[in-house]
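One structure is given here, and the rest of the page talks about it.
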Amino acid sequence: MKGPLFYSKILLFGEYGIIKDSKGLSIPYNFYNGALKVDEDPSGEAQKSNRSLKRFADYLEELQAKMPELVQFNFTELKADIEKGMYFDSSIPQGYGVGSSGALVAAIYDEYAVEKITVLENLTREKLLKLKKIFGEMESFFHGKSSGLDPLNSYLSIPILINSKDNIEPAGIPSQTQNGKGAVFLLDSGSVGETAPMVNIFMENMKQEPFRKMLKDQFVKHTDACVDDFLKGDVKSLFGNMKKLSHVVLDNFKPMIPDQFHKLWKNGIETNDYYLKLCGSGGGGYILGFTEDIEKARKALKDYRLEVVYNF
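Residue 9 in full-length UniProt numbering is what sits at position 9 of the sequence shown, and the numbering runs on without skipping anything.
So this is what it looks like as C-alpha cells:
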C-alpha cells in the first residue's frame, strides 16, 4: 500500500506573529513530501515511525473521546494498518521548519477521518476554520500547542492567507518570473531546531510589556506590510519592508537565530545583498532569505547551501 503524497510547507511570513494575530502567508513546497506506506521488509527508520504512529493513534482516540463533535476516525482500519507495519515515508526534514508533522497529520486525516472535508468541495471560511481546528488538535501531539496551519497547507496544497486567527482564505500568489533575478531561498543552518523550547522563550518574552509593544508596533506591522506587498507583486516595497522586518528579528529574536548566523544576518541588512528571516520557530533548521539579486546572494553566502523556492 502507498497513500497519496503530502507536501512540506513554507510559512513565508507570520512566524510568531500569527500567535498575536498578524497576517501570515503559507505556501506548499513540493520539493519535500511524505506518504503513508506498508513495506514487506521495513527498515529501522520505518519501524520507529510505526511505533510513533501507534502512540499517535492512541492520542487520536483520546481526542475523539474528548471532542466527539470535532472529528471522528475509523480506528478499526487505522489500527489494523498500524499492526501491518504502516509508517510515514517522508523526505521532509524534521525540525527544519518546513512542516514534517503537518504532512503526517494531513495524511492520517485524509485516509482515516470519517466524513472528512475534502479539497474538492466549496471551501467556505467555516470549513477552512473547522479543518484548521481539527488539525491544530491533531498536531498538538507532536509539539504542544499547534495552530493547525501546517497540516492545512499540506492537506489543501494551496497557498493560504492568514488575515487573523479567525479569518483565513486560499490565496492567489503572483506567478513566478522564470529566470527572475529576485528570489526567496532557504538557507540550511546545518542544525535541527526544536519548536517547543523556542515557543516557550517567546511566551516568556510576551510577559514583558516592551516586548509586547515591539511585537505590535514593529514586528506585526512589518509582517503585514510584507504580506500585502508580496500578494500585490510590489517587489520594491516588499524589499523595503523586508529589510525592516529582518532588522526587528535580529534585534528581538536573538535566541531563535543560531549564533553563527548573527553576523551573516547583520551583513545582509548592511549590504542589501539579501535579507534573512526565521523559517518556522527558528533555533536551527532552515532560515528564509529574500534577495533582489540571487547571484549576489550566492556570492555573499558561498559557504552555505541555498535552495531557491520562488523567483521574482
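Positions of the beta carbon are idealized from the N, C-alpha and C atoms, including for glycine.
This one's a predicted model, so the numbers in the text were calculated from it and none came from an experiment.
The beta carbons of residue 191 and residue 284 sit closer together than 8 Å.
Here residue 291 is bridged, per DSSP, to 183.
Listed in chain order, the alpha helix (DSSP H) elements of length 4 or more contained wholly in the region 24 to 68 are 44 to 66. Using a Cβ distance threshold of 8 Å, residue 278 and residue 239 do not count as a contacting pair.
Between the region 65 to 84 and the region 5 to 15, the count of C-beta pairs closer than 8 Å stays below three; the two stretches do not touch.
Collapsing the DSSP output to three states places residue 253 in coil. Counting only runs of 4 or more residues that sit fully inside the region 227 to 273, the alpha helix (DSSP H) segments are 235 to 252, 262 to 271, in chain order. With a threshold of 16 other beta carbon atoms within 10 Å, residue 124 falls short and is exposed. With contacts defined as CB atoms closer than 8 Å, residue 149 and residue 22 fail to qualify as a contacting pair.
Listed as beta-bridge partners of residue 164 by DSSP are 167.
Per DSSP, reduced to three states, the secondary structure at residue 116 is coil, with no helix or strand assignment. Using a Cβ distance threshold of 8 Å, residue 17 and residue 220 count as a contacting pair.
Per DSSP, residue 10 is one residue of the beta strand (DSSP E) stretching across 6 to 13.
In summary, residue 70 is exposed, with fewer than 16 beta-carbon neighbours lying within 10 Å of its beta-carbon over all protein chains present. Between residue 36 and residue 139, the C-beta gap is not smaller than 8 Å, which leaves the two residues out of contact. For residue 281, the closest C-alpha among the options 146, 180, 214 is that of 146.
Residue environment for residue 44: exposed (fewer than 16 other C-beta atoms within 10 angstroms of its C-beta). The beta-carbon distance between residue 258 and residue 189, rounded to whole angstroms, is 5 Å. This is short enough to meet the 8 Å contact definition. Between residue 275 and residue 242 the beta-carbon gap is near 5 Å, inside 8 Å, which marks them as a contact. In the DSSP assignment, residue 308 forms a beta bridge with 185. Look at residue 21 here: in three-state DSSP terms it is coil, with no helix or strand label. Contact between residue 50 and residue 85 holds: CB atoms are separated by about 6 Å, below the 8 Å threshold.
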